[in-house]
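Okay, structure first, notes after.
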Amino acid sequence: MNTIHYSLETNPSDPRVLTLLIHEVKHLQQGLLTALSVYGELEAWQLQFRLYHQKTDEKMHPAVETLLSLPFGWDREVLIQARKLMQEYAGRGYRADLLPLYPLGKEIRFRLLGITPT
Numbered sequence: 001m002n003t004i005h006y007s008l009e010t011n012p013s014d015p016r017v018l019t020l021l022i023h024e025v026k027h028l029q030q031g032l033l034t035a036l037s038v039y040g041e042l043e044a045w046q047l048q049f050r051l052y053h054q055k056t057d058e059k060m061h062p063a064v065e066t067l068l069s070l071p072f073g074w075d076r077e078v079l080i081q082a083r084k085l086m087q088e089y090a091g092r093g094y095r096a097d098l099l100p101l102y103p104l105g106k107e108i109r110f111r112l113l114g115i116t117p118t
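For the sequence shown, this note's numbering gives the first residue as 1, with consecutive numbering after it.
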């Protein structure tokens with residue numbers, strides 16, 4: 001959340017505020033290493049935008065629609081596609097390109113041993 005899009009005057013029942021809060025709570029549940037990965041972001045984004053769509057029934061941005069159609073899991077090609085879609089929607093200032101695809105320990109294990117998480 002930031003003051004560019006939200007302020008003290010923002011209505012707390014605004015679906016954008018509520019679903020963004022749910023997104024951030026999902027990161028708290030995930031823990032730091034998962035939250036700071038494309039895997040963790042994909043889970044939080046899918047939760048946030050599915051709930052937002054349920055509450056508003058608004059047409060989604062094409063990148064978000066595609067993101068919601070992706071299977072959530074450990075497939076690196078899917079996570080690479082998710083990262084591109086997140087940046088397409090949020091802009092280049094959203095630095096998902098700096099995040100590992102997997103939570104850091106799993107990313108290191110994959111790179112050293114070639115073991116994909118299950």
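Ideal placement from N, C-alpha and C gives every residue a C-beta, glycine not left out.
Item: How would you write the range of the alpha helix (DSSP H) that R92 sits in, first residue to last?; Value: Premise fails: R92 is in no alpha helix (DSSP H) and is neither H nor E.
Item: Quick check on this structure: which residue in E41, I108, Q81 has the alpha carbon closest to the alpha carbon of T66?; Value: Q81
Item: The alpha helix (DSSP H) with I22 in it runs from where to where?; Value: 15-30
Item: Going straight from the alpha carbon of R50 to that of L68, what length do you get?; Value: 7 Å
Item: What residue does the alpha helix (DSSP H) around I108 start on, and which one ends it?; Value: 104-113
Item: Just the C-alpha distance for D190 and E77, rounded to the nearest angstrom, thanks.; Value: Outside the shown range of the chain (1 to 118) lies residue 190, about which nothing can therefore be said.
Item: Answer yes if the segment 99-113 comes into contact with the segment 23-41, meaning at least three C-beta pairs across the two stretches below 8 Å, and no otherwise.; Value: yes
Item: With 16 other CB atoms within 10 Å as the buried threshold, where does K26 fall?; Value: buried
Item: From L112 to D75, what distance separates their C-alpha atoms?; Value: 17 Å
Item: Determine the DSSP secondary structure at T118, reduced to helix, strand or coil.; Value: coil
Item: So for G73, helix, strand or coil by DSSP?; Value: coil
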